[in-house]
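**Q**
In the working numbering, the protein residues as written are 360 to 734.
(1) Using 10 angstroms around the beta-carbon of residue 725, count the other beta-carbons present and answer buried if the total reaches 16, otherwise exposed.
(2) Which same chain residues end up closer than 8 angstroms to residue 400 when comparing Cβ atoms and leaving out the 5 residues on each side of it in sequence?
(3) Reducing DSSP to helix, strand and coil, say where residue 382 ends up.
(4) Measure the alpha-carbon distance for residue 555 versus residue 575 and round it to whole angstroms.
(5) Tell me which residues share the same chain as residue 587 and place their Cβ nearer than 6 angstroms to its Cβ, disregarding the 5 neighbours each side in the sequence.
(6) Compare the C-alpha of residue 550 against each of 579, 506 and 510 and name the closest.
(7) Assuming residue 412 is part of the beta strand (DSSP E), what are its boundary residues?
(8) Report the rounded CA-to-CA distance for residue 630 versus residue 669, giving the unit in angstroms.
(9) Where in the stretch 485 to 559 do unbroken runs of the beta strand (DSSP E), each at least 3 residues long, occur, reported from the N-terminal end onward?
(10) CB-CB under 6 angstroms to residue 445, same chain, minus the five flanking residues each way: which ones, in chain order?
(11) Closest to residue 476 by C-alpha separation, out of 482, 513, 362 and 641, would be which residue?
(12) For residue 441, name the three-state secondary structure that DSSP assigns.
(13) Can the beta-carbon of residue 484 be found closer than 8 angstroms to that of residue 451?
(14) Buried or exposed, going by whether 16 or more other CB atoms sit within 10 Å of the CB of residue 697?
(15) Taking only runs that begin and end inside the stretch 663 to 694, name each unbroken beta strand (DSSP E) of 3 or more residues, in chain order.
(16) How many angstroms separate the CA atom of residue 651 from the CA atom of residue 671?
(17) One question on the structure: do residue 663 and residue 692 come within less than 8 angstroms of each other, judged by their Cβ atoms?
(18) Going by Cα to Cα distance, which pick from 516, 503, 474 and 440 is closest to residue 492?
(19) For residue 558, collect the residues of the same chain with a Cβ closer than 7 angstroms to its Cβ; drop the 5 residues on either side in sequence, then sort them by chain order.
(20) What did DSSP end up calling residue 366 once you bin it into helix, strand or coil?
(21) Assuming residue 460 contacts residue 515 (C-beta within less than 8 angstroms), just tell me the rounded distance between them.
(22) Report buried or exposed for residue 637, applying the criterion of at least 16 other Cβ atoms within 10 angstroms of its Cβ.
(23) Going by DSSP in three states, residue 456 sits in which element: helix, strand or coil?
(24) Looking at the ligand FMN, does it come within less than 7 angstroms of residue 429, judged from the CB to the closest heavy atom?
(25) Can you tell me which residues form a DSSP beta bridge with residue 658?
(26) What residues in its chain sit with their C-beta under 8 angstroms from that of residue 646, if we drop five residues either side in the sequence?
(27) Exposed or buried, what is residue 680 when buried is set at 16 or more other beta-carbons lying within 10 Å of its beta-carbon?
(28) Just the C-alpha distance for residue 458 and residue 511, rounded to the nearest angstrom, thanks.
(29) Less than 8 angstroms between C-beta atoms, sequence neighbours within five positions excluded: which residues of the same chain meet that for residue 628?
(30) Which class does residue 714 belong to by DSSP, given the choice of helix, strand or coil?
(31) Along the alpha helix (DSSP H) that carries residue 468, what are the first and last residues, could you check?
(32) Can you have a look at residue 658 and say buried or exposed, based on whether 16 or more other CB atoms are within 10 angstroms of its CB?
(33) With a CB to CB cut of under 8 angstroms and the five nearest residues on each side skipped, what residues in its chain are close to residue 581?
(34) Check whether the Cβ atoms of residue 397 and residue 405 sit closer than 8 angstroms, and answer yes or no.
(35) So residue 611 is in the beta strand (DSSP E); what residue range does that whole segment cover?
(36) At the level of alpha carbons, what is the spacing between residue 369 and residue 443?
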């Protein structure tokens, strides 16, 4: 039996979906990004709740994720935003996955395999407008897109790009990328190329400017309850879209110890008690995804109070200082991520302490057990 688990509030997810969708222009679709096991939340409950809320488009990174999602949602539209290997064409055809095509050469290799299998792959084309990662470079993209349009075995009916800095305090780079994407679309239209679905905005872009909504937006971290940090960047035409975290991460107190001042705690003795106090040893460590960089930095909630991590986070256990007057019981609930009483600890706080981003905190959680509320 595990002593570490997550709790999902699916009613909060529904509220997040409704809040974001209400901010979009009529006719703009919502593509829910559920890669990496729905950002560590669990693909099955998240996908099913989103479907019940009317979401029909989903984004995964790999064919195997798409195959798993297809088994959960038989009628969903599933975009694979990683690079599909030609050897995975059969999986894509069988599961009606929609891969991203990143170059004419990639398109030709996918088309050859799809043709050999007697099918045609529906695809979206990725244009690199400044991310510097995947796709056809924006200035030569219209020519590459024309080449793709003539390849039998694939049907390119969507076009997309990805913002590199939509959560930056300086929106100049996002504006430049948006204009490049618009220019690619104009040049394609001049040559008779058009696409049924155009999308560029991620969570940061969605919050920044609704002129970038096009036919669909790809929402990830914002639907899980975390707002991309822009620290002063100004949106042009959208009111703030409020969402709340839907995941709490909990464990239990394995042992309570009353210790004197000068007591050395955990590996290397990086924490020494300054007074007599109560230590609570909790049943979670870095093997569960609780980062070692949180050693001597983070706080865990016990009894509605913040208890600082004392000493090194270890593989399966972490020690926290509950204070000299604490009434802590073995077996008591401890909150690594979430709310207890009036106190809360969320992934953005842990991310700052672990020198990372909320995405990494969430996707790093190794789920042992999931408790679902509002299914």
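We put the beta carbon where it would ideally sit given N, CA and C, even for glycine.
**A** Result, derived from the coordinates:
(1) Residue numbering aside, residue 725 sits at position 366 when the chain shown is read from its first letter. Residue 725 counts as exposed, since fewer than 16 other C-beta atoms from the protein chains shown sit within 10 angstroms of its C-beta.
(2) Looking up residue 400 in the chain shown gives position 41. The residues are 365, 367, 583, 605, 606 and 721.
(3) Residue 382 sits at position 23 when you count from the first residue of the chain shown. Residue state, collapsed to three classes: helix.
(4) As a first step, residue 555 must be located in the chain shown, where it is residue number 196. As a first step, residue 575 must be located in the chain shown, where it is residue number 216. So the two alpha carbons sit approximately 10 angstroms from each other.
(5) As a first step, residue 587 must be located in the chain shown, where it is residue number 228. Cβ-Cβ distances below 6 angstroms link residue 587 to 526, 562 and 563 in the same chain, with the five nearest sequence neighbours on each side left out; the list follows chain order.
(6) One-based indexing of the chain shown puts residue 550 at position 191. Answer by Cα proximity: 506.
(7) Taking the chain shown and counting its residues from 1, one reaches residue 412 at position 53. In this chain, residue 412 is not harboured by any beta strand (DSSP E), its DSSP state being neither H nor E.
(8) On the chain shown, position 271 is the one that residue 630 refers to. On the chain shown, position 310 is the one that residue 669 refers to. Between residue 630 and residue 669, the C-alpha separation is close to 6 angstroms.
(9) Runs found: 513 to 519 and 556 to 558.
(10) Taking the first residue of the chain shown as 1, we reach residue 445 at position 86. Around residue 445, the same chain offers 468, 469 and 472 as residues with beta carbons nearer than 6 angstroms, after the five sequence neighbours per side are excluded.
(11) Stepping through the chain shown from its first residue, residue 476 is reached at position 117. For residue 476, the closest alpha carbon among the candidates 482, 513, 362 and 641 is that of 513.
(12) Numbered from 1 along the chain shown, position 82 holds the residue referred to as residue 441. In the structure shown, residue 441 falls within a strand segment according to DSSP collapsed to helix, strand and coil.
(13) Indexing the chain shown from 1 puts residue 484 at position 125. Indexing the chain shown from 1 puts residue 451 at position 92. At least 8 angstroms separates the beta-carbon of residue 484 from that of residue 451.
(14) Reading the chain shown from its first residue, position 338 is the one you call residue 697. Taking all protein chains in view, the Cβ of residue 697 is crowded by 16 or more other Cβ atoms within 10 Å, so the residue is classified as buried.
(15) When DSSP assignments are scanned along the stretch 663 to 694, the uninterrupted stretches of beta strand (DSSP E) that are 3 or more residues long and fall wholly within it turn out to be 664 to 667 and 677 to 680.
(16) What you label residue 651 is simply residue 292 of the chain shown in a count that begins at 1. What you label residue 671 is simply residue 312 of the chain shown in a count that begins at 1. Computed Cα separation, rounded: 7 angstroms.
(17) Residue 663 sits at position 304 when you count from the first residue of the chain shown. Residue 692 sits at position 333 when you count from the first residue of the chain shown. Taking 8 angstroms as the Cβ cut-off, residue 663 and residue 692 do not qualify as a contacting pair.
(18) As a position in the chain shown, residue 492 is number 133, starting the count at 1. With distances taken between Cα atoms, residue 492 lies closest to 440.
(19) The count along the chain shown starts at 1 and reaches residue 558 at position 199. Its chain contains 390, 519, 573, 574, 575, 576 and 577 as the residues whose beta carbon lies nearer than 7 angstroms to that of residue 558, once the 5 sequence neighbours on both sides are disregarded; these appear in chain order.
(20) Within the chain shown, the letter at position 7 stands for residue 366. For residue 366, the secondary structure class from DSSP, reduced to helix, strand or coil, is strand.
(21) Reading the chain shown from its first residue, position 101 is the one you call residue 460. Reading the chain shown from its first residue, position 156 is the one you call residue 515. Residue 460 to residue 515, Cβ: 6 angstroms. Contact.
(22) The residue labelled residue 637 in the question sits at position 278 within the chain shown. Counting every other CB atom within 10 Å of its CB across the protein chains shown gives residue 637 a total of 16 or more, marking it as buried.
(23) What you label residue 456 is simply residue 97 of the chain shown in a count that begins at 1. In the three-state reduction of the DSSP assignment, residue 456 falls in the strand class, which pools E and B.
(24) Absence of the ligand FMN is noted for the structure shown, with no ligands found whatsoever.
(25) Here residue 658 corresponds to residue number 299 of the chain shown, with the count starting at 1. According to DSSP, which records beta bridges pairwise, residue 658 is partnered with 667.
(26) Mapped onto the chain shown, residue 646 falls at position 287. These residues qualify, in order along the chain: 674, 675 and 725.
(27) Position 321 of the chain shown holds residue 680. Answer is buried; the Cβ neighbour count reaches 16.
(28) Counting from 1 along the chain shown, the entry for residue 458 is found at position 99. Counting from 1 along the chain shown, the entry for residue 511 is found at position 152. Taken atom to atom, the span from the alpha-carbon of residue 458 to that of residue 511 is near 15 angstroms.
(29) Taking the chain shown and counting its residues from 1, the one referred to as residue 628 is at position 269. Closer than 8 angstroms at the Cβ level, and outside the excluded window around residue 628, lie 670.
(30) Residue numbering aside, residue 714 sits at position 355 when the chain shown is read from its first letter. Looking at residue 714 - three-state DSSP - the assignment turns out to be coil, as it is neither helix nor strand.
(31) Position 109 of the chain shown, counted from the start, is the residue given in the question as residue 468. Taken as a continuous stretch (DSSP letters only), the alpha helix (DSSP H) holding residue 468 covers 463 to 475.
(32) The residue you call residue 658 lines up with position 299 of the chain shown. Counting Cβ neighbours within 10 Å, residue 658 comes out buried, since at least 16 surround it.
(33) By 1-based counting over the chain shown, the position of residue 581 is 222. Close CB contacts of residue 581 within its chain, under the 8 angstroms cut and outside five residues either way in sequence, are with 375, 379, 562, 565, 566, 587, 600 and 602 (chain order).
(34) Here residue 397 refers to the residue found at position 38 when the chain shown is read from its first residue. Here residue 405 refers to the residue found at position 46 when the chain shown is read from its first residue. Yes, the Cβ-Cβ distance between residue 397 and residue 405 is below 8 angstroms.
(35) If you number the chain shown from 1, residue 611 lands on position 252. Note, residue 611: beta strand (DSSP E), 606 to 618.
(36) Within the chain shown, the letter at position 10 stands for residue 369. Within the chain shown, the letter at position 84 stands for residue 443. Going from the Cα of residue 369 to the Cα of residue 443 covers about 31 angstroms.
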